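Undergrad: Just so you know, we're using the numbering used here here: the sequence shown kicks off at 8 and counts up by one. Beta carbons are placed, not taken as given, at the ideal position from N, Cα and C, and that holds for glycine. Quick caveat, the model's predicted, so the values are computed rather than measured. One structure, pasted below without further comment.
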Amino acid sequence: MMLQSPPLKIVAKEDLHRIHEQTLRVLAKTGVAFHLQEALAIFRDNGATVENGTVLIPPEMVENALRNVPQQFTWHARNPDNNIEVGPEQSRVHVMLNHGPVNIQDIENGRRRSTTEDLANLYKLGQASDVCNVIGQVPVDPSDADSLVKHLVVTHKLLQHTDKPLMSYPVDNRRQTEDIFTMVEMAMGRDYLDDHPAIGTSVCALSPLKYAPESCDTLIGYARRNQVAMALTCAMSGVTAPINPIGTVIMQNAEILAGLVLTQLVNPGTPFIYSPASAVPNMKNGAYITGSPESNLINIVGLQLGRELYKIPTRTMAGLTDAKTVDCQAGYETMQNLFTLMLGGTNMINECIGTLDAIMTVSYEKFIIDQEMIGRLMRIMEGVATEDEDFDISAIEEMGQSGCYLMHPSTLKKCRSMWTPAVSDWSSFSDWQKAGESDVVVRANRKYKEILAACPESMISSELDQELRAFVESKK
Numbered sequence: 008m009m010l011q012s013p014p015l016k017i018v019a020k021e022d023l024h025r026i027h028e029q030t031l032r033v034l035a036k037t038g039v040a041f042h043l044q045e046a047l048a049i050f051r052d053n054g055a056t057v058e059n060g061t062v063l064i065p066p067e068m069v070e071n072a073l074r075n076v077p078q079q080f081t082w083h084a085r086n087p088d089n090n091i092e093v094g095p096e097q098s099r100v101h102v103m104l105n106h107g108p109v110n111i112q113d114i115e116n117g118r119r120r121s122t123t124e125d126l127a128n129l130y131k132l133g134q135a136s137d138v139c140n141v142i143g144q145v146p147v148d149p150s151d152a153d154s155l156v157k158h159l160v161v162t163h164k165l166l167q168h169t170d171k172p173l174m175s176y177p178v179d180n181r182r183q184t185e186d187i188f189t190m191v192e193m194a195m196g197r198d199y200l201d202d203h204p205a206i207g208t209s210v211c212a213l214s215p216l217k218y219a220p221e222s223c224d225t226l227i228g229y230a231r232r233n234q235v236a237m238a239l240t241c242a243m244s245g246v247t248a249p250i251n252p253i254g255t256v257i258m259q260n261a262e263i264l265a266g267l268v269l270t271q272l273v274n275p276g277t278p279f280i281y282s283p284a285s286a287v288p289n290m291k292n293g294a295y296i297t298g299s300p301e302s303n304l305i306n307i308v309g310l311q312l313g314r315e316l317y318k319i320p321t322r323t324m325a326g327l328t329d330a331k332t333v334d335c336q337a338g339y340e341t342m343q344n345l346f347t348l349m350l351g352g353t354n355m356i357n358e359c360i361g362t363l364d365a366i367m368t369v370s371y372e373k374f375i376i377d378q379e380m381i382g383r384l385m386r387i388m389e390g391v392a393t394e395d396e397d398f399d400i401s402a403i404e405e406m407g408q409s410g411c412y413l414m415h416p417s418t419l420k421k422c423r424s425m426w427t428p429a430v431s432d433w434s435s436f437s438d439w440q441k442a443g444e445s446d447v448v449v450r451a452n453r454k455y456k457e458i459l460a461a462c463p464e465s466m467i468s469s470e471l472d473q474e475l476r477a478f479v480e481s482k483k
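Put into structure tokens, the structure is as follows:
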């Protein structure tokens with residue numbers, strides 16, 4: 008089991024079945040719009056009814072797709088030591104980088120538009136991280152990269168700075184998808200992707216109940232190559248979804264399952280990750296926010312559906328905050344979201360390392376602090392050992408009512424394996440004063456710079472680097 012203690016549950020098993028039944032009704036009677044003729048043809052050719060661009064998906068098509076999608080798969084990395092198992096047999100929650108922020112922030116330079124250098128820095132920090140094991144997407148959008156070839160520039164930087172499992176740049180069309188696949192195979196080997204799920208993509212449904220052309224095209228392209236597909240929805244209760252939580256869960260479920268069905272029609276057995284990500288907005292103005300506990304309730308029910316009912320891997324956005332700087336609000340909102348969603352039983356989390364301002368900004372310092380918070384929760388999720396040696400009371404009998412366990416052999420044997428923080432201060436007040444009275448943000452600033460200074464300039468050979476550069480130039 009991934010968790011030693013039972014995951015958080017919001018609704019009972021019978022309610023999950025009721026949600027599923029209502030979802031099937033939505034898919035069959037209301038349908039989901041797919042704004043791509045190729046997607047409509049795939050559904051039509053497999054027996055679904057298509058009316059004016061809307062697909063009415065019959066229950067048997069959904070059930071067949073759920074039978075075909077793998078419950079467990081290996082996500083391959085360029086370095087096989089970094090391969091991960093995704094599914095019920097994985098040993099810990101997997102962590103991936105953020106996607107979408109346009110600003111970068113640190114305590115020296117403040118908030119500013121991010122660049123290609125910042126993008127590379129975050130890939131390096133992710134590669135060096137002990138908690139982050141899927142690298143990619145666009146942790147910050149490089150404002151200095153040409154938009155026409157940004158997918159190539161980002162992929163080049165990604166391959167330069169990591170040998171962990173990959174997440175793709177979000178593309179606009181199949182040609183860009185094939186460009187990225189070509190670059191990945193230049194690094195991993197010709198035809199490598201034919202039998203190795205090695206790069207993932209995440210597409211977002213357009214709530215309510217539709218998929219944009221580029222999202223359809225991406226799901227089809229990844230399914231044809233048997234690469235990892237994720238469908239999420241950022242439905243907002245009362246704005247793009249029903250205001251009641253279960254109503255949002257039902258609509259979110261319909262959107263995600265519609266994407267799942269498309270991938271399995273294209274290629275049965277395509278690795279797919281169920282990704283609830285809905286939110287309760289600020290009802291004063293309808294704006295998207297990330298710190299509401301009600302959003303987590305909706306998404307934990309989504310995780311329950313994926314884990315308990317469909318038995319497929321799940322992912323959710325877990326480390327979000329609406330705070331604009333690394334302050335107390337950033338801390339408690341981030342920990343609220345991490346705690347509830349990680350303990351909600353998700354297989355994977357994203358938007359969880361360094362994000363601020365509802366995913367508009369990444370803070371270098373918060374990147375370091377968030378890793379520690381994730382590490383704290385991972386330790387809690389490990390639980391306590393209950394082997395025979397853990398019930399050995401010989402030390403208690405030996406020490407009795409006197410003495411100190413600090414120098415006891417049992418303490419000396421295990422003391423170095425106890426969890427310790429990366430940047431939190433556990434020293435005495437006087438020692439903290441002597442060390443300069445720095446707060447956690449200052450220490451995190453120092454830490455991220457130390458990590459970047461120790462990172463290699465590139466993790467690929469100069470020959471491969473030149474080949475990738477030539478490929479990017481040829482596409483320009």
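How many Å lie between residue 228 and residue 79 at the Cα?
TA: So the two alpha carbons sit approximately 21 Å from each other.
Undergrad: If we count the other Cβ atoms within 10 Å of its Cβ and call it buried at 16 or more, is residue 403 buried or exposed?
TA: Exposed is the call here.
Undergrad: Between which two residues does the alpha helix (DSSP H) holding residue 452 run?
TA: Looking at the DSSP string, the run of the alpha helix (DSSP H) that includes residue 452 is 447-461.
Undergrad: Quick check on the DSSP output: the beta strand (DSSP E) that includes residue 236 runs from which residue to which?
TA: Here the beta strand (DSSP E) through residue 236 covers 235-240.
Undergrad: Once you ignore the five residues that flank residue 16 on each side, which residues in its own chain have a CB closer than 7 Å to its CB?
TA: The residues are 311.
Undergrad: Within the present structure, is the beta-carbon of residue 427 separated from the nearest heavy atom of the ligand MN by less than 6 Å?
TA: The ligand MN is not part of the structure shown, which contains no ligands of any sort.
Undergrad: Is residue 89 close to chain C? Criterion is C-beta to C-beta, closer than 7 Å.
TA: The displayed structure is made up of one protein chain only, and chain C is not part of it.
Undergrad: Output needed for residue 318: all residues of its chain with C-beta closer than 8 Å, excluding positions within five of it in sequence on either side, in chain order.
TA: Within the same chain, residue 318 has close Cβ partners 78 and 95.
Undergrad: Quick check: residue 299 and residue 308, are their CB atoms within less than 7 Å of each other?
TA: Against a cut-off of 7 Å, the Cβ pair of residue 308 and residue 299 comes out as no contact.
Undergrad: Shortest alpha-carbon distance to residue 292 belongs to which of 341, 351, 326 and 244?
TA: Residue 244 is the option with its Cα nearest to residue 292.
Undergrad: Please go through the same chain and pick out, in chain order, the residues whose beta-carbon is closer than 7 Å to the beta-carbon of residue 203, but skip the five residues on each side of it.
TA: The answer, listed in chain order, is 83.
Undergrad: DSSP three-state call for residue 440: helix, strand or coil?
TA: In the structure shown, residue 440 sits in a helix (DSSP, three-state: H, G or I).
Undergrad: So within the stretch 173-256, which uninterrupted alpha helix (DSSP H) runs reach at least 4 residues, ignoring any that extend past its ends?
TA: Here the runs fully enclosed are 181-195 and 220-231.
Undergrad: Could you tell me the boundaries of the alpha helix (DSSP H) in which residue 30 lies?
TA: Segment 20-32, the alpha helix (DSSP H) holding residue 30.
Undergrad: What residue does the alpha helix (DSSP H) around residue 386 start on, and which one ends it?
TA: Segment 371-389, the alpha helix (DSSP H) holding residue 386.
Undergrad: Okay, do the stretch 240-255 and the stretch 122-133 touch, 3+ Cβ pairs below 8 Å being the bar?
TA: Too few Cβ pairs lie closer than 8 Å, so no.
Undergrad: Candidates 176, 422, 356 and 24: which alpha carbon is nearest residue 222's?
TA: Nearest of 176, 422, 356 and 24 to residue 222, Cα basis: 176.
Undergrad: Measuring alpha carbon to alpha carbon, tell me which of 192, 294 and 411 ends up nearest residue 474.
TA: Cα-wise, what sits closest to residue 474 is 192.
Undergrad: Work out the CA separation of residue 23 and residue 14 for me, nearest whole Å.
TA: Taking the straight line joining both Cα atoms gives about 15 Å.
Undergrad: So within the stretch 103-140, which uninterrupted alpha helix (DSSP H) runs reach at least 4 residues, ignoring any that extend past its ends?
TA: Fully enclosed alpha helix (DSSP H) runs of 4 or longer: 123-135.
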